[in-house]
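Asker:
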Amino acid sequence: MSNRTFVTEFLLLGFSDIRELQILHFVGFLVIYLAVLVGNLLIFVVIAFDHHLHTPMYFFLMNLSVLDLGSISVTVPKSMANSLMNIRSISYTGCIAQVFLVSFFVSGDFALLTIMAYDRYIAICKPLHYEAIMNKRACVQMAASAWISVILYSAIHTTNTFAISFCGGNMVDQFFCEIPALLKLACADSYLPEVGFLAFSVCLALNCFVFIIISYVQIFTRVLRIPSVQGQHKAFSTCLPHLTVLSLLCSTGFFTYLNKLVCFALTWAVAGSSFILTFSSYGCILRTAWHMPSESGLQKALSTCGAHIAVTSMFYGSALSMYARPPGMESSNMDKVVSLFYCVLTPLLNPIIYTLRNDKVKEALRKAMMNSGFFRV
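For any residue, its number in the working numbering is found by taking its place in the sequence shown, counting from 1, and adding 133.
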């Protein structure tokens with residue numbers, strides 16, 4: 134007990150002490166941050182002002198853009214400022230704010246991705262009931278429920294984290310205040326309640342991911358039954374890049390990261406819920422797509438779901454791997470790499486994968502630019 138200390142600030146170790154690498158880190162993060170800012174703001178504005186995009190799918194995408202902007206804005210600017218000014222400190226209250234907001238935006242992403250899976254399930258498996266089920270009121274209620282739930286969840290998470298006593302000093306081996314990094318500083322007798330809650334959280338997220346993998350099984354089952362080679366090629370070309378991202382992220386993440394024995398055991402036990410829900414939805418979606426009489430209908434179903442599968446796979450693969458590893462497999466450098474995936478790269482790729490490759494969104498962007506006189510001489 135004598136080793137307990139009262140912490141007034143934390144030191145974020147970041148990526149490097151070498152000045153040249155700190156400048157490189159600042160420039161790299163600046164470019165990524167500006168790209169995320171522009172991409173997600175464009176998506177938000179285009180969807181908000183183009184009535185052709187006022188559908189449930191794009192409504193949830195607009196919410197996802199807000200969450201992506203928030204998640205990267207909580208972590209990247211502070212890390213950039215520290216690198217530029219060659220400092221490491223973050224105040225105790227600043228660290229609390231980071232933990233709360235990161236938890237809020239990341240868990241919000243999980244909730245939105247699950248809702249979007251349900252939306253695609255209804256659209257493809259129950260198209261005749263889609264407008265009745267996914268009406269405007271229902272969409273607003275689902276989005277509001279997600280936002281309110283993650284606020285409460287994040288408040289509990291943050292309270293649990295900072296109720297612990299820190300015996301390991303104040304040096305956080307990460308580029309932002311992240312719960313696993315903070316737990317390394319905790320006294321052995323004080324961190325277990327938060328680890329248990331953390332494990333429960335990861336388990337809920339894992340359920341959503343399982344649901345997505347089932348969808349891929351159904352996709353390839355259907356694709357292999359397409360009579361035309363050209364149809365198979367088009368379908369595989371749509372899905373394989375996303376499956377590659379999923380395989381790389383999950384294999385590297387799960388092998389590299391999975392911390393604390395309690396977290397490991399509870400995580401894989403509870404995680405089946407949200408993960409299985411998302412997976413089951415896509416299983417039904419692709420089973421329905423398999424029975425579609427027209428190949429064009431199948432292609433439309435695959436292209437609609439492919440983007441969601443890609444983003445969800447990347448997000449879940451990196452986030453779950455950070456919070457669900459067994460003891461003895463710790464690597465601070467790999468922790469930072471995995472954190473980059475779900476805090477930085479996912480918000481960067483979301484606009485590209487989800488909407489900027491979408492013909493409707495590109496057409497809406499083109500019209501908006503033409504109407505604004507952007508291309509006029």
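A virtual CB, placed ideally from N, CA and C, is assigned to each residue, including glycine.
All figures in this text were calculated on a predicted structure; none of them were measured in a lab.
Count Cβ pairs between the segment 170-186 and the segment 153-160 that sit closer than 8 Å; are there 3 or more?
Answerer: no
Asker: Alpha carbon to alpha carbon, how far is serine 287 from cysteine 310? Give it in angstroms, no decimals.
Answerer: 14 Å
Asker: Could you spell out the range, first to last residue, of the alpha helix (DSSP H) harbouring leucine 186?
Answerer: That residue, leucine 186, is in no alpha helix (DSSP H); it is neither H nor E in DSSP.
Asker: Whole angstroms are fine: how far does the CA of leucine 482 sit from the CA of isoleucine 229?
Answerer: 28 Å
Asker: Around the Cβ of arginine 253, are there at least 16 other Cβ atoms within 10 angstroms (buried) or fewer (exposed)?
Answerer: With 16 or more other CB atoms across the displayed protein chains lying within 10 angstroms of its CB, arginine 253 is buried.
Asker: Among all the DSSP beta bridges, which residues are the ones paired with serine 216?
Answerer: Paired residue(s): none; serine 216 is not in a bridge.
Asker: Quick check: what's the CA-CA separation for valine 140 versus phenylalanine 192?
Answerer: 43 Å
Asker: Mind checking which residues open and close the alpha helix (DSSP H) that includes isoleucine 223?
Answerer: Isoleucine 223 -> not in any alpha helix (DSSP H); beta strand (DSSP E) instead, spanning 222-224.
Asker: So for alanine 296, helix, strand or coil by DSSP?
Answerer: coil
Asker: Just tell me which of Lys469, Asn268, Val477 and Lys495 has its CA closest to the CA of serine 149.
Answerer: Lys469
Asker: Rounded C-beta distance between valine 477 and isoleucine 176? I'm assuming under 8 Å.
Answerer: 18 Å between Cβ atoms; not a contact.
Asker: Going along the chain, which residues of its own chain have a beta-carbon closer than 7 Å to the beta-carbon of serine 198, five neighbours each way excluded?
Answerer: Asn173, Ile176 and Phe177
Asker: Output the boundary residues of the alpha helix (DSSP H) element that contains glutamate 264.
Answerer: 263-266
Asker: Which of the three DSSP states is assigned to phenylalanine 143 in this structure?
Answerer: Here phenylalanine 143 sits in strand by DSSP.
Asker: Whole angstroms is fine: what's the gap from proline 480's alpha carbon to phenylalanine 474's?
Answerer: 9 Å
Asker: On the criterion of 16 or more Cβ atoms from any shown chain inside 10 Å, does methionine 559 qualify as buried, or is it exposed?
Answerer: It is not possible to answer for residue 559, since the shown part of the chain is limited to 134 through 510.
Asker: Name, in chain order, the residues that DSSP records as bridge partners for alanine 319.
Answerer: Phe299
Asker: Thinking just about the alpha-carbon of each residue, which of Asp242, Leu234, Ala250 and Gln307 is nearest to the one in threonine 291?
Answerer: Leu234
Asker: By how many angstroms is the C-alpha of arginine 499 removed from the C-alpha of leucine 144?
Answerer: 46 Å
Asker: Got a sec? Which residues, its chain only, sit under 7 Å from valine 232 by beta carbon, not counting five neighbours each side?
Answerer: Residues Thr291, Thr294, Cys310 and Ile312 of the same chain have their beta carbon placed closer than 7 Å to that of valine 232, with the five preceding and five following residues left out of the count.
Asker: I need the straight-line Cα distance from leucine 217 to isoleucine 151, nearest angstrom please.
Answerer: 12 Å
Asker: If you follow the alpha helix (DSSP H) that proline 480 is part of, which residue opens it and which one closes it?
Answerer: 479-483
Asker: Do you know how far the Cα of isoleucine 205 is from the Cα of serine 282?
Answerer: 21 Å
Asker: What residues match up with methionine 304 in a beta bridge as DSSP calls it?
Answerer: According to DSSP, methionine 304 shares a beta bridge with Leu144.
Asker: Measure the CB-CB distance between methionine 304 and proline 189 and report whether it falls below 9 Å.
Answerer: Their beta carbons are not under 9 Å apart, which means methionine 304 does not touch proline 189 by this criterion.
Asker: Spatial neighbours of leucine 154 within its chain, please: C-beta separation below 8 Å, excluding the five flanking residues on both sides.
Answerer: Phe148
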